[in-house]
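A.B. asks:
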Amino acid sequence: MSIVRPGALCVALAAALPAVASAADSAADLKQLRDELRALRDTYQQRIDALEKRLADSEARAARAETTATAAARSAEQAEQKAAALPDVAIAPATPPSGEGAFNPAVSLILDSKFTRFQQDPAKYRLDGFIPSGGEVGPPRKGFSLGESELAVSANVDHLFRGNARFSLADDGAGGTVEVEEAHIETLALPEGLKLKAGRFLSGVGYLNVQHPHEWDFTDAPLAYKAFLGPRLQNDGVQLRWVAPTDLFVELGGELASGQKYPGAERAANGAGLWTAFAHVGGDVGASSAWQVGLSHVHANPRARTFEDGGVSNAFSGRSRLWIADFVYKWAPDGNPTVNNLKLQGEFFRRSEDGDLTYDLAGAGQVSAASFRQSGGYLQAVYQFMPHWRAGVRGDWLRAGSIDLGSLSTTELPGLVVYNPSRQSAMVDWSPSEFSRLRLQLARDTSRAGETDHQLWLQYIMSLGAHGAHKF
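Residue numbering for the sequence shown follows our numbering, beginning at 4 and increasing consecutively.
#1: Helix, strand or coil for aspartate 312? Go by DSSP, reduced to three states.
#2: Output yes or no for whether 8 Å exceeds the beta carbon distance between alanine 158 and arginine 169.
#3: State the start and end residues of the unbroken beta strand (DSSP E) segment that holds alanine 373.
#4: In whole angstroms, what separates the C-alpha of leucine 294 from that of phenylalanine 475?
#5: Using DSSP with H/G/I as helix, E/B as strand and the rest coil, what is tyrosine 2?
#6: Please state whether the Cβ-Cβ distance between valine 385 and aspartate 220 is less than 8 Å.
#7: How about the stretch 376 to 394 and the stretch 239 to 259: do they share at least three Cβ pairs that are nearer than 8 Å?
#8: If contacts are defined as beta-carbon pairs under 8 Å, then glutamate 454 and glutamine 123 qualify, I think. What distance do you get, rounded to the angstrom?
#9: Quick check on DSSP: helix, strand or coil for alanine 88?
#10: Bridge partners for histidine 457 per DSSP, in chain order?
#11: Among the residues of its own chain, which have a CB less than 8 Å from the CB of isoleucine 188, if the five just before and after it don't count?
#12: With DSSP as the reference, label proline 435 as helix, strand or coil.
#13: Is it a yes or a no for the stretch 138 to 156 touching the stretch 226 to 240, going by three-plus beta-carbon pairs under 8 Å?
#14: So, under 8 Å CB-CB, leucine 211 and glutamate 437 are touching, yes? Tell me the CB distance rounded to an integer number of Å.
#15: Where do the ends of the beta strand (DSSP E) carrying tyrosine 228 lie?
#16: Could you check the C-alpha separation between histidine 457 and serine 425 for me, to the nearest Å?
#17: From the DSSP output, in three-state form, read off arginine 270 for me.
#18: Mind reading off the beta-carbon distance from asparagine 304 to glutamine 263? Whole number of angstroms is fine, and I expect it under 8 Å.
#19: Looking only at its own chain, which residues have a Cβ that is under 8 Å from the Cβ of glycine 409, when we skip the five neighbours before and after it?
#20: CB histidine 215 to CB glutamate 153, shorter than 8 Å?
#21: Mind checking which residues open and close the beta strand (DSSP E) that includes glutamine 122?
#22: Using a Cβ-Cβ cut-off of 6 Å (strictly less than) and excluding sequence neighbours within five positions of tryptophan 392, which residues of its own chain qualify?
#23: Hey, which unbroken runs of the beta strand (DSSP E) at 3 residues or more fall wholly within the stretch 252 to 308?
#24: Determine the contact status of phenylalanine 118 and leucine 411, defining contact as a CB-CB distance below 8 Å.
#25: Candidates Leu445, Asn423, Gln427 and Pro417: which alpha carbon is nearest glycine 398's?
#26: Kindly give me the distance between the Cβ atoms of tryptophan 245 and glycine 196, rounded to whole angstroms, as I take these residues to be in contact under 8 Å.
#27: Report, in whole angstroms, the separation of the C-beta atoms of isoleucine 327 and glycine 209, which I expect to be a contact under 8 Å.
#28: Is it buried or exposed for alanine 97, if we count other Cβ within 10 angstroms and need 16 for buried?
#29: Within its chain, find whatever has a CB closer than 6 Å to the CB of glutamate 151; leave out the 5 residues flanking it on each side and keep chain order.
#30: Return the first residue and the last residue of the beta strand (DSSP E) that serine 171 is part of.
#31: Could you check which residue in Glu184, Tyr332 and Gly471 has the C-alpha nearest to that of glycine 289?
#32: Less than 7 Å between C-beta atoms, sequence neighbours within five positions excluded: which residues of the same chain meet that for aspartate 223?
#33: Going by C-alpha distance, which of Thr309, Phe319, Asp312 and Arg447 is nearest leucine 459?
#34: Tell me which residues share the same chain as serine 292 and place their Cβ nearer than 6 Å to its Cβ, disregarding the 5 neighbours each side in the sequence.
#35: Since glutamine 348 is in the beta strand (DSSP E), which residue starts that stretch and which ends it?
#36: By the DSSP assignment, the beta strand (DSSP E) with arginine 144 in it spans what residues?
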């Protein structure tokens with residue numbers, strides 16, 4: 004047996020220790036690597052599980068959406084089948100109307116004020132040669148005055164009806180008056196382009212009649228409107244309009260009304276005292292131009308329609324027939340009116356009245372057959388020469404035509420002397436926005452025989468609250 008010397012053993016142990024230490028270090032490294040690999044695998048497994056869960060949730064939602072869409076399509080198909088079976092029955096929505104008409108109506112206030120300078124007394128204004136209409140045809144008083152401001156309220160009542168009310172706040176020189184200018188309902192769900200309106204409204208005849216004063220291009224109404232409609236046709240009744248489902252704009256309409264206002268008169272009888280019919284056609288010419296023409300008829304049967312002439316009260320009873328032809332042409336480069344645009348507009352009126360004229364109701368009470376064949380019109384052009392700025396000119400004329408007073412003479416009725424009033428106007432206005440306008444207007448008015456009135460008007464129009472688009 005060999006004997007190991009202690010010194011040799013120590014040398015061997017010293018040589019083996021580095022190898023043992025190196026093996027220990029390797030084992031520790033291996034453990035650390037295994038731990039890091041396990042941690043990394045656990046982390047990615049969690050991410051993979053999360054992604055798989057999101058994918059499963061998305062697939063479930065997509066399946067539910069597809070099921071809902073299929074059910075909605077099936078319901079829509081069933082509704083179409085029901086509508087086809089009952090074409091005249093409107094289907095009510097499942098929820099009440101929202102927006103402006105849900106609970107808070109659209110409210111707007113138009114402020115209109117004027118400053119004027121006239122050579123003649125506006126309180127003595129008249130249209131010689133024409134029976135006075137009794138309407139607001141004269142200019143306002145000299146100096147500062149409140150124009151015709153308006154308060155409007157409108158909203159959808161439900162899915163079938165819409166309500167509108169408009170109140171005129173006018174200055175009568177004694178503190179002002181409030182008039183119900185419009186108060187009506189109109190349908191929303193009639194088929195085939197039909198719309199029914201009932202209540203008090205502005206008639207659809209002519210072009211300018213349906214517009215409110217703040218929409219006019221000039222401060223006051225044309226002479227023809229003052230003479231024949233005093234200065235606009237407004238009545239209580241019903242209106243039915245139809246708009247054709249064609250590219251060409253075609254509108255047909257008719258009205259039955261009480262006829263209690265000019266050219267009619269106060270009535271104590273049942274039924275309608277006035278009816279109208281009107282048609283409008285319009286379209287585009289290329290990308291820059293548009294046009295519209297119209298023809299209207301107003302038929303009234305006034306009974307004791309009173310008027311003052313020379314301080315004497317008189318009355319007319321009979322039949323009144325009025326025809327109106329109107330046109331408007333608009334141009335804007337490529338259909339963009341923001342920089343430049345042009346509007347040409349005109350209307351021609353022709354009226355015939357036949358009946359009995361009673362002279363001096365409070366005195367002689369003399370009755371005579373009377374007939375009138377009269378006409379008039381206006382033509383105007385308004386050009387926007389730069390953004391916010393416009394200039395325009397307008398010519399008005401009236402033709403007394405044929406006046407037959409029977410046994411009466413013009414000495415008894417001096418206001419009905421044969422005379423042809425006329426007026427020429429020019430204006431420039433500035434509109435910094437669609438809600439405000441300042442206007443300067445000059446006019447030469449010869450409405451009164453032997454008197455020429457040179458007029459200057461300064462006007463502001465301000466719109467507060469909801470403001471719908473103006474008509475074409």
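Using N, Cα and C, we set each Cβ at its ideal position, and we do this for glycine too. Every value quoted in this text rests on a predicted model; they were computed, and no experiment measured them.
C.D. replies: In short, the structure shows the following:
#1: In this structure, aspartate 312 counts as strand in the three-state DSSP scheme.
#2: No, these two residues do not count as a Cβ contact at 8 Å.
#3: Where alanine 373 is concerned, the enclosing beta strand (DSSP E) starts and stops at 369 to 389.
#4: First, the amino acid is wrong: residue 294 is tryptophan here, not leucine. Taking the straight line joining both Cα atoms gives about 9 Å.
#5: Any answer about residue 2 is impossible in this case: the structure gives the chain only from 4 up to 475.
#6: In this structure, aspartate 220 lies closer than 8 Å to valine 385 by Cβ.
#7: Counting Cβ pairs under 8 Å, fewer than three are found: no touch.
#8: With a Cβ gap of about 6 Å, glutamate 454 and glutamine 123 count as contacting.
#9: Bear in mind that a pLDDT of 40 at alanine 88, under 50, signals an unreliable position, so the number given afterwards is only what the model happens to contain. In the three-state reduction of the DSSP assignment, alanine 88 falls in the helix class.
#10: Paired residue(s): Arg447.
#11: Sequence-distant Cβ neighbours of isoleucine 188 in its own chain, meaning closer than 8 Å and more than five residues away, are Val160, Phe164, Arg165, Gly166, Asn167, Lys200, Ala201 and Gly202.
#12: Correct three-state label for proline 435: strand.
#13: Because the criterion of three Cβ pairs below 8 Å is met, the stretch 138 to 156 and the stretch 226 to 240 touch.
#14: The pair is not a contact, with the Cβ atoms about 20 Å apart (cut-off 8 Å).
#15: From DSSP, tyrosine 228 is part of no beta strand (DSSP E) but of the alpha helix (DSSP H) over 226 to 231.
#16: C-alpha separation (whole angstroms): 12 Å.
#17: In the structure shown, arginine 270 sits in coil (DSSP, three-state: anything other than H, G, I, E or B).
#18: Going by Cβ atoms, the distance from asparagine 304 to glutamine 263 rounds to 12 Å, so no, they are not a contact pair.
#19: Taken in chain order, the residues that qualify are Leu360, Ser371, Ala372 and Ala373.
#20: In this structure, glutamate 153 lies closer than 8 Å to histidine 215 by Cβ.
#21: Run containing glutamine 122: none; DSSP gives neither H nor E here.
#22: Excluding residues up to 5 positions away in sequence, Trp433 lie with their Cβ nearer than 6 Å to the Cβ of tryptophan 392 in the same chain.
#23: The qualifying runs are 252 to 260, 277 to 288 and 292 to 303.
#24: Their beta carbons are not under 8 Å apart, which means phenylalanine 118 does not touch leucine 411 by this criterion.
#25: The candidate whose alpha carbon is nearest that of glycine 398 is Gln427.
#26: With a Cβ gap of about 5 Å, tryptophan 245 and glycine 196 count as contacting.
#27: Taking a contact as a CB-CB distance under 8 Å, the pair isoleucine 327 and glycine 209 counts as one, their CB atoms being some 5 Å apart.
#28: Low confidence applies here, because alanine 97 scores a pLDDT of 40, under 50, leaving its location unreliable; read the following figure in that light. By the neighbour-count criterion, in which 16 or more other beta carbons inside 10 Å mark a residue as buried, alanine 97 falls on the exposed side.
#29: These residues qualify, in order along the chain: Asp115, Ser171, Ala173 and Pro216.
#30: Element bounds for serine 171: 164 to 173.
#31: The shortest C-alpha separation from glycine 289 is found at Tyr332.
#32: Counting only residues of its own chain and dropping the five nearest sequence neighbours on each side, aspartate 223 has a CB closer than 7 Å to the CB of Pro142.
#33: Ranked by how close their Cα comes to the Cα of leucine 459, the residues Thr309, Phe319, Asp312 and Arg447 have Arg447 in first place.
#34: Within its own chain, the residues whose Cβ lies closer than 6 Å to the Cβ of serine 292, once the five positions on either side in sequence are excluded, are Trp334, listed in chain order.
#35: In the DSSP assignment, glutamine 348 falls within the unbroken beta strand (DSSP E) covering 344 to 362.
#36: Premise fails: arginine 144 is in no beta strand (DSSP E) and is neither H nor E.
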